[in-house]
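So the sequence shown is numbered by my numbering: it starts at 380 and just counts up by one.
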Amino acid sequence: MSQILNSGKPAPDFTLQVTPDQKLSLSELRGRPVILAFYPADWSPVCGDQMALYNEILSEFQKHNAELLGISVDGPWCHAAFAKDRHLHFPLLADFEPKGEVAKKYGAYRAGDGFCERALFVIDKKGMISWSYCSPVGINPGAEGILQALEELPK
Numbered sequence: 380m381s382q383i384l385n386s387g388k389p390a391p392d393f394t395l396q397v398t399p400d401q402k403l404s405l406s407e408l409r410g411r412p413v414i415l416a417f418y419p420a421d422w423s424p425v426c427g428d429q430m431a432l433y434n435e436i437l438s439e440f441q442k443h444n445a446e447l448l449g450i451s452v453d454g455p456w457c458h459a460a461f462a463k464d465r466h467l468h469f470p471l472l473a474d475f476e477p478k479g480e481v482a483k484k485y486g487a488y489r490a491g492d493g494f495c496e497r498a499l500f501v502i503d504k505k506g507m508i509s510w511s512y513c514s515p516v517g518i519n520p521g522a523e524g525i526l527q528a529l530e531e532l533p534k
């Protein structure tokens, strides 16, 4: 398991593709909480369950004005098909090329495997990591930690 960035550190900025022709930068979301959910791959059973859970409780994240971003090394076309199939209503960002560059900045890249850890980060409105967690790759970490971290953010 990788050594992910801990709370109290500035969240590294990045710009990744959301669709084949649209990009999103973390800095664009400054001023509101952001949840980064790194996951190994679209279409894997655990990842599908994890992203479906977050989609189901998206309104709970939104109560905190938080933006949820899923990130994996899959490309934007793969993300588009996965999001459509699973009816996801939050962005999936492609850390595709250079492969895993953003995951590496967060300490969440498994170089030997070529994919991301199942790592979660809650970033406060000032761009600081307020909470992070790395789950074993085969286990869905659920949402309790994220929700608790959002509750504990300064208002």
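For glycine and all other residues, C-beta sits at the position ideal for the given N, C-alpha and C.
In this text the structure is predicted, and so the values were computed from the model without any measurement.
Quick one: grab the DSSP three-state call for residue i.
i      : result
Ser438 : helix
Ala473 : strand
Tyr433 : helix
Ala482 : helix
Ala490 : coil
Gly449 : strand
Val516 : coil
Ile525 : helix
Leu408 : helix
Pro424 : helix
Under DSSP, the beta strand (DSSP E) around residue i begins and ends at which residues?
i      : result
Ile414 : 413 to 417
Gln396 : 394 to 398
Arg497 : 497 to 502
Within 10 angstroms of the Cβ of residue i, are there 16 or more other Cβ atoms? Answer buried if so, exposed if not.
i      : result
Glu446 : buried
Trp510 : buried
Pro477 : exposed
Ile518 : exposed
Gly410 : exposed
Asp392 : exposed
Ala460 : exposed
Starting from residue i, follow the alpha helix (DSSP H) in both directions and report where the run begins and ends.
i      : result
Trp456 : 455 to 465
Between the alpha carbons of residue i and residue j, how many angstroms are there, rounded?
i      : j      : result
Val452 : Phe494 : 6 angstroms
Ala473 : Gln396 : 5 angstroms
Leu437 : Ala490 : 31 angstroms
Glu435 : Ala462 : 13 angstroms
Cys513 : Asp400 : 31 angstroms
Lys484 : Arg497 : 15 angstroms
Phe469 : Ala482 : 19 angstroms
Leu405 : Val501 : 12 angstroms
Arg465 : Leu415 : 19 angstroms
Leu529 : Trp422 : 28 angstroms
Gly506 : Gln429 : 24 angstroms
Ile383 : Ile508 : 11 angstroms
Contact defined as beta carbons within less than 8 angstroms: I believe residue i pairs with residue j. What is the distance between those atoms, to the nearest angstrom?
i      : j      : result
Phe475 : Gly454 : 5 angstroms
Lys504 : Pro412 : 6 angstroms
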